[in-house]
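Novice: Residue numbers (my numbering), protein chains in the order written: chain A, 671 to 786; chain B, 3 to 115.
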Amino acid sequence: SQQGEEDPQALSIQEGENATMNCSYKTSINNLQWYRQNSGRGLVHLILIRSNEREKHSGRLRVTLDTSKKSSSLLITASRAADTASYFCATGHANAGGTSYGKLTFGQGTILTVHP
Amino acid sequence: NAGVMQNPRHLVRRRGQEARLRCSPMKGHSHVYWYRQLPEEGLKFMVYLQKENIIDESGMPKERFSAEFPKEGPSILRIQQVVRGDSAAYFCASSPRTASGYTFGSGTRLTVV
Numbered sequence: 671s672q673q674g675e676e677d678p679q680a681l682s683i684q685e686g687e688n689a690t691m692n693c694s695y696k697t698s699i700n701n702l703q704w705y706r707q708n709s710g711r712g713l714v715h716l717i718l719i720r721s722n723e724r725e726k727h728s729g730r731l732r733v734t735l736d737t738s739k740k741s742s743s744l745l746i747t748a749s750r751a752a753d754t755a756s757y758f759c760a761t762g763h764a765n766a767g768g769t770s771y772g773k774l775t776f777g778q779g780t781i782l783t784v785h786p
Numbered sequence: 003n004a005g006v007m008q009n010p011r012h013l014v015r016r017r018g019q020e021a022r023l024r025c026s027p028m029k030g031h032s033h034v035y036w037y038r039q040l041p042e043e044g045l046k047f048m049v050y051l052q053k054e055n056i057i058d059e060s061g062m063p064k065e066r067f068s069a070e071f072p073k074e075g076p077s078i079l080r081i082q083q084v085v086r087g088d089s090a091a092y093f094c095a096s097s098p099r100t101a102s103g104y105t106f107g108s109g110t111r112l113t114v115v
């Protein structure tokens, strides 16, 4: 089954607007992370939210997590043209002993285009 | 602290040759992960290693692919007898522990001709 499916696949907005991307997953998680990728580059870690957290902020980023719905959202406020990139959610799981397991499973990503 | 270093950045191999991709994790990071990315797609997990140990290789094709992370030196992803379908970007990431963000390298773009 596919973990970390993002929605929408592509999002096009004007500078200054807010951008919201959603991520759904199927199995229980230990943590959920969001990453950004500029074309042709490696991924950059944005934020990590643990399964016992509901909301987290970092600058213009706001992440929510609803474990009952197995979903997360990433909100970028006051978007800038430089925010244009692909955004991926990634889920981390717990091993049989309940401790976190290092491997992350990535979704297909949302392509965000911010027009100046 | 130079970050995760991958080399080469670009690698061209003819069908049937071997490809060796190198990854030096961030200083202090003992967990290394390899992912493959096809154009316009997400990252597909390949293998998770800690020093001298393979923790999870569930994403590695059973044949032709191998990975190692020796006590000294970089992690190596080796692809033997490459085929056109191996053409992709291969990313390495490292982390200091589990349940922490990854630091990614810039990737190696493998082209098989």
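We treat Cβ as the ideally placed atom computed from N, Cα and C, and that holds for glycine.
The structure presented is a predicted model; accordingly, all values stated were derived computationally and were not measured.
Count Cβ pairs between the stretch 684–701 of chain A and the stretch 90–98 of chain B that sit closer than 8 Å; are there 3 or more?
Specialist: Short answer: they don't touch.
Novice: Check the Cβ-Cβ distances between A:N701 and every residue of chain B, and say whether any is below 8 Å.
Specialist: Translated into the one-based positions of the first sequence, residue 701 of chain A becomes position 31. At least one chain B Cβ lies under 8 Å of A:N701.
Novice: Based on the DSSP output, what are the partners of A:S741 in its beta bridges?
Specialist: The sequence position of residue 741 of chain A within the first sequence is 71, counting from 1. A:S741 is bridged to A:S694 and A:D736.
Novice: What three-state label does DSSP hand B:R86 in the structure shown?
Specialist: Numbered from its first residue, the second sequence carries residue 86 of chain B at position 84. Helix, per DSSP.
Novice: What are the residues that DSSP puts in a beta bridge with A:H727?
Specialist: Position 57 of the first sequence, counted from the first residue, corresponds to residue 727 of chain A. A:R732, per the DSSP bridge assignment.
Novice: Taking beta-carbon pairs under 8 Å, can you tell me which members of the stretch 56–69 of chain B lie near chain A?
Specialist: The stretch 56–69 of chain B vs chain A, Cβ under 8 Å: I57 and D58.
Novice: Could you tell me which residues DSSP puts in a beta bridge with A:S709?
Specialist: Taking the first residue of the first sequence as 1, we reach residue 709 of chain A at position 39. Looking at the DSSP assignment, A:S709 forms no beta bridge with any residue, so it has no partner.
Novice: Output the distance between the C-alpha atoms of B:A21 and B:G107, rounded to the nearest integer angstrom.
Specialist: The residue given as residue 21 of chain B occupies position 19 in the second sequence. The residue given as residue 107 of chain B occupies position 105 in the second sequence. Roughly 18 Å separates the two Cα atoms.
Novice: Taking only three categories from DSSP, how would you classify A:A748?
Specialist: Taking the first residue of the first sequence as position 1, residue 748 of chain A is located at position 78. Coil, per DSSP.
Novice: May I have the straight-line CA-CA distance separating B:F47 from B:S97, to the nearest angstrom?
Specialist: Taking the second sequence and counting its residues from 1, one reaches residue 47 of chain B at position 45. Taking the second sequence and counting its residues from 1, one reaches residue 97 of chain B at position 95. Rounded to the nearest angstrom, the two C-alpha atoms are 15 Å apart.
Novice: Alpha carbon to alpha carbon, how far is A:S741 from B:N55? Give it in angstroms, no decimals.
Specialist: Here residue 55 of chain B is taken as the residue at index 53 of the second sequence, counted from 1. Here residue 741 of chain A is taken as the residue at index 71 of the first sequence, counted from 1. Rounded to whole angstroms, B:N55 to A:S741 spans 33 Å at the Cα level.
Novice: Output the distance between the C-alpha atoms of B:V14 and B:Q83, rounded to the nearest integer angstrom.
Specialist: Counting from 1 along the second sequence, the entry for residue 14 of chain B is found at position 12. Counting from 1 along the second sequence, the entry for residue 83 of chain B is found at position 81. Each residue's alpha carbon lies about 13 Å from the other.
Novice: Does the beta carbon of B:E74 come closer than 8 Å to any beta carbon on chain A?
Specialist: Position 72 of the second sequence, counted from the first residue, corresponds to residue 74 of chain B. Answer no: the Cβ-Cβ gap between B:E74 and chain A never drops below 8 Å.
Novice: For B:C25, which of B:S68, B:I78 and B:I57 has the nearest alpha-carbon?
Specialist: Within the second sequence, the letter at position 23 stands for residue 25 of chain B. Checking every option, the nearest Cα to that of B:C25 belongs to B:I78.
Novice: For a quick check, are the C-beta atoms of A:S756 and A:N692 less than 8 Å apart?
Specialist: The residue given as residue 756 of chain A occupies position 86 in the first sequence. The residue given as residue 692 of chain A occupies position 22 in the first sequence. No.
Novice: May I have the straight-line CA-CA distance separating A:D753 from B:Q39, to the nearest angstrom?
Specialist: Along the first sequence, one-based indexing puts residue 753 of chain A at 83. Along the second sequence, one-based indexing puts residue 39 of chain B at 37. Rounded to the nearest angstrom, the two C-alpha atoms are 21 Å apart.
Novice: What are the residues in the stretch 10–43 of chain B lying within 8 Å of chain A by C-beta distance?
Specialist: Taking 8 Å as the Cβ-Cβ cut-off against chain A, the residues of the stretch 10–43 of chain B that qualify are H33, Y35, Y37 and E43.
Novice: If you measure beta-carbon to beta-carbon, which residues of the stretch 703–717 of chain A are closer than 9 Å to chain B?
Specialist: So the list reads Q703, Y705, Q707, G710, R711, G712, L713, V714, H715, L716 and I717, given in the order they occur along the chain.
Novice: Can you list, in chain order, the residues of the stretch 99–113 of chain B whose Cβ is nearer than 9 Å to any Cβ on chain A?
Specialist: Listed by position, the residues of the stretch 99–113 of chain B near chain A (Cβ gap below 9 Å) are R99, T100, A101, S102, G103, Y104, T105, F106, G107, S108, G109 and R111.
Novice: Just the Cα atoms here: how many angstroms apart are B:M62 and B:L112?
Specialist: Taking the second sequence and counting its residues from 1, one reaches residue 62 of chain B at position 60. Taking the second sequence and counting its residues from 1, one reaches residue 112 of chain B at position 110. Going from the Cα of B:M62 to the Cα of B:L112 covers about 16 Å.
Novice: Measuring alpha carbon to alpha carbon, tell me which residue in A:W704, A:L774 and A:E723 is nearest A:I717.
Specialist: Residue numbering aside, residue 717 of chain A sits at position 47 when the first sequence is read from its first letter. It is A:W704.
Novice: Less than 8 Å between C-beta atoms, sequence neighbours within five positions excluded: which residues of the same chain meet that for B:G103?
Specialist: Position 101 of the second sequence holds residue 103 of chain B. For B:G103, where only same-chain residues beyond five positions count, the Cβ hits under 8 Å are S97.
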